[in-house]
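**Q** Pasting in a structure now, in structure tokens, and then I'll have a few things to ask.
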Amino acid sequence: MSLWQQLARMYNAFVASGSAEKNITYDVFPSGAAGVTLTSGAANVYGVFAQLAAAATVTVDVWLCGIHLSTPNTSATSYTVQAAEGAAGAEVGSVAVPFQQIEATAAGRTTSVVIPIPYPRHILAATRISARCQDVTGASTIVCKVLYAINL
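Residue numbers in the sequence shown follow numbering that gives the first Met the number 0, run continuously in steps of one, and reach 151 at the last position.
In structure tokens form, the structure reads like this:
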């Protein structure tokens with residue numbers, strides 16, 4: 000789908016979003032309360048992809064619209080989190096977002112943020128969704144979920 004087709008589809012979806020037949024809804028992968036812990040590689044090196052949604056759980060086309068990140072790290076660091084689609088071992092990164100933890104968190108506290116994706120990414124049904132991270136210190140962890148919309 001070309002960029003023009005995506006923009007036209009999104010515009011039409013937003014114009015019709017108030018109608019009963021459009022019924023745009025939002026949810027998260029993975030479903031449930033807990034996100035998936037991502038671990039970075041060495042400093043400024045991506046870690047391995049971790050599955051956020053199995054292909055079998057993506058039952059309709061979805062639009063990736065945001066990434067929720069939280070970290071209980073007790074030291075400040077800077078992350079890049081990359082969402083991807085595709086089978087294990089054949090992932091294709093499609094969206095990368097930066098996350099800066101400026102201050103260290105006290106033990107037992109977390110930093111949490113939802114980062115919107117300005118141009119939602121269309122992902123076909125039956126496509127596995129995963130993510131990975133890198134940071135400036137190496138071997139850090141961050142918890143990730145993705146926000147998606149259907150019926151755009």
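Ideal placement from N, C-alpha and C gives every residue a C-beta, glycine not left out.
Quick check for students: name the residue ranges of the alpha helix (DSSP H) that lie wholly in the segment 39-117, counting only runs of 4 or more.
**A** If one requires a minimum length of 4 residues, no alpha helix (DSSP H) run lies completely within the segment 39-117.
**Q** Determine the DSSP secondary structure at A7, reduced to helix, strand or coil.
**A** Along the sequence shown, one-based indexing puts residue 7 at 8. Note: A7 maps to helix in three-state DSSP.
**Q** Is it a yes or a no for the segment 107-117 touching the segment 39-52, going by three-plus beta-carbon pairs under 8 Å?
**A** no
**Q** Run through DSSP, which three-state label would L2 get?
**A** Numbered from 1 along the sequence shown, position 3 holds the residue referred to as residue 2. The three-state reading of DSSP puts L2 in helix, counting H, G and I together.
**Q** When you compare only the Cα positions, how much space is there between G137 and S69?
**A** Taking the sequence shown and counting its residues from 1, the one referred to as residue 137 is at position 138. Taking the sequence shown and counting its residues from 1, the one referred to as residue 69 is at position 70. About 17 Å.
**Q** In this structure, does DSSP put T126 in helix, strand or coil?
**A** Counted from its first residue, the sequence shown places residue 126 at position 127. Here T126 sits in coil by DSSP.
**Q** Can you have a look at A82 and say buried or exposed, based on whether 16 or more other CB atoms are within 10 angstroms of its CB?
**A** Residue numbering aside, residue 82 sits at position 83 when the sequence shown is read from its first letter. With 16 or more other Cβ atoms within 10 Å, it is buried.
**Q** If you draw a straight line from the alpha carbon of L123 to that of V27, how long is it in whole angstroms?
**A** Mapped onto the sequence shown, residue 123 falls at position 124. Mapped onto the sequence shown, residue 27 falls at position 28. L123 and V27: Cα-Cα distance of roughly 16 Å.
**Q** Taking Cβ to Cβ, would you say V61 is nearer than 8 Å to A148?
**A** As a working note, residue 61 is residue 62 in the sequence shown. As a working note, residue 148 is residue 149 in the sequence shown. Cβ distance < 8 Å, so V61 and A148 count as in contact.
**Q** Using a threshold of 8 Å, state whether the C-beta atoms of V59 and C132 are closer than that.
**A** By one-based count along the sequence shown, residue 59 stands at place 60. By one-based count along the sequence shown, residue 132 stands at place 133. Cβ distance not < 8 Å, so V59 and C132 don't count as in contact.
**Q** To which residues of the same chain is T109 closer than 7 Å at the C-beta, ignoring the five residues directly before and after it?
**A** Counting from 1 along the sequence shown, the entry for residue 109 is found at position 110. Here the set comprises S69, T70, P71.
**Q** Can you look up A148 in the DSSP assignment and give me helix, strand or coil?
**A** Here residue 148 refers to the residue found at position 149 of the sequence shown. Three-state result, A148: strand.
**Q** Check this for me: beta carbons of V142 and V44, under 8 Å apart or not?
**A** If you number the sequence shown from 1, residue 142 lands on position 143. If you number the sequence shown from 1, residue 44 lands on position 45. In this structure, V44 does not lie closer than 8 Å to V142 by Cβ.
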